[in-house]
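In the order they appear, the protein sequences are chains A and B.
Using the numbering used here, count along the first sequence one by one with no gaps and you end on 296.
Using the numbering used here, count along the second sequence one by one with no gaps and you end on 296.
Since the structure comes first, as structure tokens, the remarks are kept for the end.
Protein chains: 2
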Amino acid sequence: MSCRLTVVGLGPGRLDWCTPEVSAILEDATDLVGYAPYLARVPQTCAARRHASDNRVEAERAEHALNLAADGGDVVVVSSGDPGVFAMASAVLERLDQDPSRWCDVQISVCPGITAAQALASRVGAPLGHDFCVISLSDVLKPWSIIERRLDAAASADFVIALYNPRSRQRPHQFTDAIGIVSRHREPATPVIVGRHVGRDEESVTITDLGRLDHATIDMSTIVIIGSSTTRVLDRPAGCRVYTPRTYADPRPAAG
Amino acid sequence: MSCRLTVVGLGPGRLDWCTPEVSAILEDATDLVGYAPYLARVPQTCAARRHASDNRVEAERAEHALNLAADGGDVVVVSSGDPGVFAMASAVLERLDQDPSRWCDVQISVCPGITAAQALASRVGAPLGHDFCVISLSDVLKPWSIIERRLDAAASADFVIALYNPRSRQRPHQFTDAIGIVSRHREPATPVIVGRHVGRDEESVTITDLGRLDHATIDMSTIVIIGSSTTRVLDRPAGCRVYTPRTYADPRPAAG
Chain A
41 MSCRLTVVGL GPGRLDWCTP EVSAILEDAT DLVGYAPYLA RVPQTCAARR HASDNRVEAE
101 RAEHALNLAA DGGDVVVVSS GDPGVFAMAS AVLERLDQDP SRWCDVQISV CPGITAAQAL
161 ASRVGAPLGH DFCVISLSDV LKPWSIIERR LDAAASADFV IALYNPRSRQ RPHQFTDAIG
221 IVSRHREPAT PVIVGRHVGR DEESVTITDL GRLDHATIDM STIVIIGSST TRVLDRPAGC
281 RVYTPRTYAD PRPAAG
Chain B
41 MSCRLTVVGL GPGRLDWCTP EVSAILEDAT DLVGYAPYLA RVPQTCAARR HASDNRVEAE
101 RAEHALNLAA DGGDVVVVSS GDPGVFAMAS AVLERLDQDP SRWCDVQISV CPGITAAQAL
161 ASRVGAPLGH DFCVISLSDV LKPWSIIERR LDAAASADFV IALYNPRSRQ RPHQFTDAIG
221 IVSRHREPAT PVIVGRHVGR DEESVTITDL GRLDHATIDM STIVIIGSST TRVLDRPAGC
281 RVYTPRTYAD PRPAAG
């Protein structure tokens, strides 16, 4: 009887971003639980039973995994990216917390993975090379007012800002509102990096700036990194690179 | 003639947190450049020449690597953690930026790695499960006033906060000042996670809170994660877990 639940992250897209720790854990599992497209990325050499679920049923998926583990399984919940960043590790612990006396024998572990913002950053250089914030723009689970307050605070204190779930079809104007808040504190020339499906065959990465950012190109499969006042674009013959210096010598005063 | 410089991150500590992408790149390198303890973590099967340097000579190390690459090498700069987060990727691009016409044939790439905050978070659950900030408390390269402003902004907007380089021997009072700023906006019971040497044999991880945090246990080899107002500690027989819920239903108003 294992009674073990491990939440792992495959990293974004490509297989060689998945850590050896996670690969070994997948090999030893009795059950794999996850959103169907993520389970499909687990190599077929893994003999575990697969329990695929739809998107947006995180609580039900977590409960299913906890039940399988309580029955003695060695259960692995499979996330993309880092399971600890806007992903299944919180969903599992949230479900457990609602019912603390249930599943009390289940050992819960989390294995880290490369998250999408790191992957996107690496594609262009080192825009996250200095103090940064990671914010989800989804207001499905939190009020939009909290998101606005965080965007304003992060922009006013000159953090680099990585945005997850930036623009939903239901509320496309929220991304425009978010960029409006950031723009109160940043110049139009501030570098912005937009990544779509980073690490996959259809990957696209665009380096633009706050003033020229085309909002229509942003959706839930993109990640957006907005530079700080010190983030620089190096336009070189050998390829354009973006970085945020470690040195913060002569900061421009933030407007607003 | 390769003329290639790749900045890679080994992840923190343990070898099975190093991605297969990075392992393959290390195998193919002609030269490895890095801080001596990080180079020592690269398996001896890698036949590349090794150029070890001391700590705090990032600019010189970057220049050396750029020169080796310009001479036709396939040079790998080895970082711990993620090379894009307070590490060598920015240092290389910063050096390049000071002298844009030099090294113009050198192709520069970055490969992401697990960063220390993710590793520490995974050890206790999912404290970074919701919006978070990553801040270095080192004022060697930036003014302390900028750090204070960022801490205040991050705490006032209820971000989870991960602190790198939290407490130097030269300026131990700065960590106390930083905690003082955060405490203006957070309850003493706010969960705090302290990790030392995460992923190594001597790893230690402590779950405490803002009011009881022992500042004397903090130094440059620790990472500190301070929860938001919603971060929860689950004290279970099967092990204590900490997480920040995805749901932000009923935020406590921030003080101050």
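We put the CB at the ideal spot given by N, CA and C, even for glycine.
Proximal residues of chain B, C-beta to C-beta of residue i below 7 Å
i                      : result
residue 189 of chain A : 197
residue 106 of chain A : Those do not exist, as residue 106 of chain A stays about 12 Å from chain B at its closest Cβ, beyond 7 Å.
residue 151 of chain A : 162
residue 277 of chain A : 144
residue 272 of chain A : 137
Limits of the beta strand (DSSP E) - the one that residue i falls within
i                      : result
residue 91 of chain B  : 89-93
residue 172 of chain B : 172-176
residue 274 of chain B : 272-274
residue 277 of chain B : Element bounds for residue 277 of chain B: n/a, residue is neither H nor E.
residue 119 of chain B : 114-119
Member of the options whose CA lies at the smallest distance from the CA of residue i
i                      : options                       : result
residue 210 of chain B : B:253, B:259, B:96 and B:61   : B:259
residue 114 of chain A : A:103, A:69 and A:83          : A:69
residue 265 of chain B : B:275, B:253, B:274 and B:276 : B:253
residue 270 of chain B : B:61, B:102 and B:232         : B:232
residue 170 of chain A : B:164, B:76 and B:181         : B:181
residue 88 of chain A  : A:104, A:103 and A:65         : A:65
residue 77 of chain A  : A:67, A:93 and A:84           : A:93
residue 239 of chain A : B:109, B:151, B:85 and B:235  : B:151
residue 201 of chain B : B:177, B:186 and B:236        : B:177
residue 188 of chain B : B:216, B:165, B:168 and B:164 : B:216
residue 129 of chain B : A:167, A:263, A:140 and A:139 : A:167
residue 47 of chain B  : B:244, B:121, B:159 and B:214 : B:121
residue 236 of chain B : B:227, B:246 and B:275        : B:246
residue 86 of chain B  : B:67, B:126 and B:274         : B:67
residue 289 of chain A : B:191, B:262, B:274 and B:183 : B:183
residue 206 of chain A : A:155, A:175 and A:227        : A:175
Boundaries of the alpha helix (DSSP H) in which residue i is found, first to last residue
i                      : result
residue 136 of chain B : 128-137
residue 79 of chain B  : 76-79
residue 161 of chain A : 156-164
residue 217 of chain A : 213-223
residue 281 of chain B : Unbroken run through residue 281 of chain B is the beta strand (DSSP E), 281-283; no alpha helix (DSSP H).
residue 97 of chain A  : Element bounds for residue 97 of chain A: n/a, residue is neither H nor E.
residue 60 of chain B  : 60-68
residue 191 of chain B : 184-196
Exposure of residue i, with buried meaning 16 or more beta-carbon neighbours within 10 Å
i                      : result
residue 144 of chain B : exposed
residue 293 of chain A : Only weak support is given to the placement of residue 293 of chain A: the predicted model assigns it a pLDDT of 48, under 50, and the value that follows is read from those uncertain coordinates. It counts as exposed.
residue 101 of chain B : buried
residue 212 of chain A : exposed
residue 146 of chain B : buried
residue 296 of chain B : Confidence is the limiting factor: at residue 296 of chain B the pLDDT is only 39, short of 50, which leaves the residue's position unreliable, though a coordinate-based value still follows. Per the 10 Å Cβ criterion, exposed.
residue 185 of chain B : exposed
residue 97 of chain B  : exposed
residue 139 of chain A : exposed
residue 242 of chain B : exposed
residue 224 of chain A : exposed
residue 280 of chain B : exposed
residue 84 of chain B  : exposed
residue 277 of chain B : exposed
residue 198 of chain A : buried
Contacts of residue i in chain B (Cβ-Cβ under 8 Å)
i                      : result
residue 134 of chain A : 283, 285, 286 and 287
residue 203 of chain A : Within 8 Å Cβ-Cβ: nothing; residue 203 of chain A doesn't reach chain B, min ~10 Å.
Cβ-heavy atom distance, residue i to the ligand SAM, below 7 Å
i                      : result
residue 249 of chain B : The ligand SAM is not part of the structure shown, which contains no ligands of any sort.
Proximal chain B residues relative to residue i, where beta-carbon distance stays under 9 Å
i                     : result
residue 97 of chain A : Correct list: empty, because the minimum Cβ distance to chain B is about 13 Å.
Residues that DSSP places opposite residue i in a beta bridge
i                      : result
residue 203 of chain B : B:175 and B:264
residue 231 of chain B : B:249
residue 147 of chain A : A:44
residue 71 of chain B  : B:89 and B:115
residue 244 of chain A : A:236
Residue i: contacting residues in chain A (beta-carbon distance under 9 Å)
i                     : result
residue 59 of chain B : 51, 56, 57, 58, 59, 60 and 154
residue 64 of chain B : 56
Under 7 Å from the C-beta of residue i: neighbouring residues of chain A
i                      : result
residue 174 of chain B : 171 and 172
Contact set between residue i and chain A, taken where Cβ atoms lie within less than 8 Å
i                     : result
residue 73 of chain B : By Cβ distance, chain A contributes nothing, its closest Cβ being about 16 Å from residue 73 of chain B, past 8 Å.
residue 84 of chain B : Within 8 Å Cβ-Cβ: nothing; residue 84 of chain B doesn't reach chain A, min ~18 Å.
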